[in-house]
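Participant:
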Amino acid sequence: MNLQAILQQLQAEKSVDRATLLEAIRSAIETAARKSFPPTASIAVDIDPKTLAWKVFELRTIVETIEDPAKEMSLAEGQQMNPAAQVGDTLKVPAEAKDFGRIAAQTAKQVIIQKLKDAERENVYDEFKKREGELVTGIVKRVSHGNVIVTVGKAEAILPQSQQSPRENFKPGDRVRAYLHEVDKNARGPQVVLSRTSPELVRALFDMEVPEIYDGTVEIRAIAREAGSRTKIAVASKDANVDPVGACVGMKGSRVRAVVEELCGEKIDIVRWSDDPVEMCGNALNPADILDITVDEETKTILVIVPHDQLSLAIGKRGQNARLASRLMGWSIDIKSDVELTGVEVDESGAPVAGGAEGGAATSEAE
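Take 0 as the starting number for the sequence shown in numbering that gives the first Met the number 0 and just add one per residue.
Listed below in structure tokens is the structure:
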């Protein structure tokens with residue numbers, strides 16, 4: 000076995016360091032060598048890290064009475080090797096290379112291959128585990144049962160169907176930018192899971208597009224997202240001279256437009272963060288006009304009163320605006336029209352009619 004040639008080839012082709020390769024080879028030779036010795040024998044393998052010259056040894060313990068010749072020797076035999084040897088000492092007895100046959104060599108090769116696969120998997124896991132929470136870019140390799148397999152560097156990642164936006168449809172060869180959601184270990188190796196639906200993808204995209212976010216001047220305090228449809232983000236500035244909303248929008252909307260394009264047209268609302276729940280609620284429900292806001296700090300619920308003709312705007316299509324505002328704040332928001340409170344009935348146009356009490360309301364709870 001020309002180990003030097005094997006090592007050089009593997010170092011050139013695989014992302015595995017020399018020490019790992021040497022240990023793989025040593026372990027492989029030891030495994031192969033065991034086939035040439037009795038089952039009870041103890042063996043050891045030494046490899047010169049520079050020349051890769053290797054030697055196989057039988058480990059034999061000096062005993063007074065030999066019961067197992069495969070792992071024991073007499074004191075006289077031991078002292079022939081080392082005059083200072085005593086009963087109880089374990090000596091390394093060189094084994095001849097001829098003890099290796101074709102099967103042993105093949106076993107060594109197979110073990111080396113497996114060890115290298117294990118080392119590669121560990122390298123992939125270590126590399127991507129420390130990159131959790133980052134944006135990564137890759138190329139779609141294939142689509143299987145709705146899941147998108149993406150080549151990222153030298154590894155394969157999966158973009159599960161559950162982590163894909165409804166707006167997106169991938170095919171082999173497409174370039175994908177995604178949020179590195181998590182990296183797990185399983186029997187088949189590390190699983191690198193990507194996401195295009197995570198709110199953190201939006202955060203990472205703004206971090207890339209907005210210098211003030213990247214340098215910490217502007218901070219994204221909260222994100223609420225319904226992937227493929229709409230996202231609300233609340234931003235604050237550490238510098239009174241920097242408008243956080245304007246910084247995220249950019250000149251003529253250039254910065255937010257870049258994020259929207261990356262998200263395939265998903266709508267993005269950018270509002271100013273406030274620690275005051277009344278002010279924050281008004282910002283979160285923008286652009287609806289609000290007549291009154293009542294806050295219950297104990298239950299973290301908010302009652303919002305809006306003009307009747309603003310109710311649909313405040314609630315949003317299928318309750319989306321209210322729902323996202325609630326998630327953005329982490330509060331339960333109850334939206335009612337002024338007509339409902341006054342008991343005035345209105346017709347389809349919103350004009351008051353005599354008698355009755357008809358209006359509308361919506362309640363959204365933080366998730």
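Backbone N, C-alpha and C define an ideal beta-carbon position, used for all residues, glycine too.
In the structure shown, what three-state DSSP assignment does R187 receive?
Facilitator: If DSSP states are grouped into helix, strand and coil, R187 belongs with coil.
Participant: So, do the region 46 to 61 and the region 137 to 155 have three or more beta carbon pairs nearer to each other than 8 Å?
Facilitator: At 8 Å Cβ cutoff, the stretches do not touch.
Participant: Terminal residues of the continuous beta strand (DSSP E) containing F56?
Facilitator: Counting along the chain, the beta strand (DSSP E) containing F56 begins and ends at 53 to 61.
Participant: For Y178, write down the residues that DSSP places opposite it in a beta bridge.
Facilitator: L134, S194, per the DSSP bridge assignment.
Participant: Look at the alpha carbon of A4 and the alpha carbon of W53, and state the distance between them as a whole number of angstroms.
Facilitator: Taking the straight line joining both Cα atoms gives about 14 Å.
Participant: Between the C-alpha atoms of E181 and V192, what's the straight-line distance to the nearest angstrom?
Facilitator: Their Cα atoms are separated by approximately 5 Å.
Participant: Please go through the same chain and pick out, in chain order, the residues whose beta-carbon is closer than 6 Å to the beta-carbon of G264, but skip the five residues on each side of it.
Facilitator: Excluding sequence neighbours, G264 sits near nothing in its chain.
Participant: What residues in its chain sit with their C-beta under 7 Å from that of N320, if we drop five residues either side in the sequence?
Facilitator: Answer for N320: L284, A313, I314, listed in chain order.
Participant: List the residues that DSSP assigns as beta-bridge partners of R224.
Facilitator: DSSP, once it has assigned bridges, lists T230 as partnering R224.
Participant: Leaving out five residues on either side along the sequence, give the residues of the same chain with a beta carbon under 7 Å from the beta carbon of I219.
Facilitator: Result list for I219: R202, F205, I212, I232, V234, in chain order.
Participant: Quick one, which of A154, V303, R322 has its alpha-carbon nearest D337's?
Facilitator: Nearest option by C-alpha distance: V303.
Participant: List the DSSP bridge partners of R256.
Facilitator: DSSP output for R256 lists no bridge partner at all.
Participant: Round the Cβ separation of E155 and Y178 to the nearest angstrom and send it over; I've been treating them as touching at under 8 Å.
Facilitator: Between Y178 and E155 the Cβ distance is about 17 Å, and since that is not below 8 Å, they are no contact.
Participant: For L327, collect the residues of the same chain with a Cβ closer than 7 Å to its Cβ; drop the 5 residues on either side in sequence, then sort them by chain order.
Facilitator: Excluding sequence neighbours, L327 sits near A221, A223, K231, A233, A283.
Participant: Answer yes or no: do Q160 and G145 have a C-beta to C-beta separation smaller than 8 Å?
Facilitator: In this structure, G145 lies closer than 8 Å to Q160 by Cβ.
Participant: With DSSP run on the structure shown, which of helix, strand or coil describes P243?
Facilitator: Three-state result, P243: helix.
Participant: Provide the residue(s) that pair with P93 in DSSP beta bridges, ordered along the chain.
Facilitator: Bridge partners of P93: F56.
Participant: What does the Cβ neighbour count give for P38, buried or exposed, with the cut at 16 atoms within 10 Å?
Facilitator: Classification of P38: exposed, given that the 10 Å Cβ count is below 16.
Participant: N282 lies in the alpha helix (DSSP H); which residues open and close that run?
Facilitator: Its alpha helix (DSSP H) spans residues 276 to 283.
Participant: If we call anything under 8 Å between Cβ atoms a contact, is I269 one with V259?
Facilitator: No, the Cβ-Cβ distance between I269 and V259 is not below 8 Å.
Participant: Assuming contact is defined by CB atoms lying nearer than 8 Å, are W272 and I301 in contact in what I supplied?
Facilitator: Their beta carbons are not under 8 Å apart, which means W272 does not touch I301 by this criterion.
Participant: Am I right that V305 and D333 are in contact with their C-beta atoms under 8 Å? What's the rounded C-beta distance?
Facilitator: The pair is not a contact, with the Cβ atoms about 11 Å apart (cut-off 8 Å).
Participant: Put I157 into one of helix, strand or coil per three-state DSSP.
Facilitator: The answer is strand: DSSP assigns I157 an E or B state.
Participant: Go ahead and label D16 buried or exposed: buried means 16 or more other beta carbons lie within 10 angstroms of its beta carbon, across all protein chains shown.
Facilitator: Answer is exposed; the Cβ neighbour count stays below 16.
Participant: According to DSSP, which residues form a beta bridge with V294?
Facilitator: For V294, which the question treats as bridged, DSSP gives the partners I301.
Participant: Just to confirm my understanding: we take E133, look at its own chain, exclude 5 residues before and 5 after, and list those with CB closer than 6 Å. What are they?
Facilitator: Taken in chain order, the residues that qualify are L179.
Participant: Between the alpha carbons of D214 and A239, how many angstroms are there, rounded?
Facilitator: In a straight line, the C-alpha of D214 is about 15 Å away from that of A239.
Participant: In this structure, how does DSSP classify N146 when only helix, strand and coil are distinguished?
Facilitator: Note: N146 maps to strand in three-state DSSP.
Participant: Mind checking whether the beta-carbon of A235 lies closer than 7 Å to any heavy atom of the ligand COA?
Facilitator: Judged by which ligands are present, the structure shown has none, so any question about the ligand COA falls away.
Participant: I need the DSSP call for V217, collapsed to helix, strand or coil.
Facilitator: It is a strand residue.
Participant: Nearest to G252 by CA position, among V209, P286, R176, is which residue?
Facilitator: Checking every option, the nearest Cα to that of G252 belongs to V209.
Participant: Just to confirm, is the Cβ distance from L21 to I46 under 8 Å?
Facilitator: Yes, these two residues count as a Cβ contact at 8 Å.
Participant: For T196, does the count of other Cβ atoms within 10 angstroms reach 16, so buried, or fall short, so exposed?
Facilitator: T196 should be labelled buried.
Participant: Near V241, what residues of its chain come up, given a Cβ to Cβ distance below 7 Å and the 5 sequence neighbours on each side ignored?
Facilitator: Correct list, in chain order: E211, T216, V217.
Participant: Could you tell me which of A27, T89, E63 sits nearest to S41, measuring between CA atoms?
Facilitator: For the residues A27, T89, E63, the minimum Cα distance to S41 belongs to T89.
Participant: So, for K237: in the same chain, excluding its five sequence neighbours on each side, which residues have a beta-carbon less than 8 Å away from its beta-carbon?
Facilitator: Counting only Cβ-Cβ distances below 8 Å, and skipping sequence neighbours, we find G215, T216, V217, E218.
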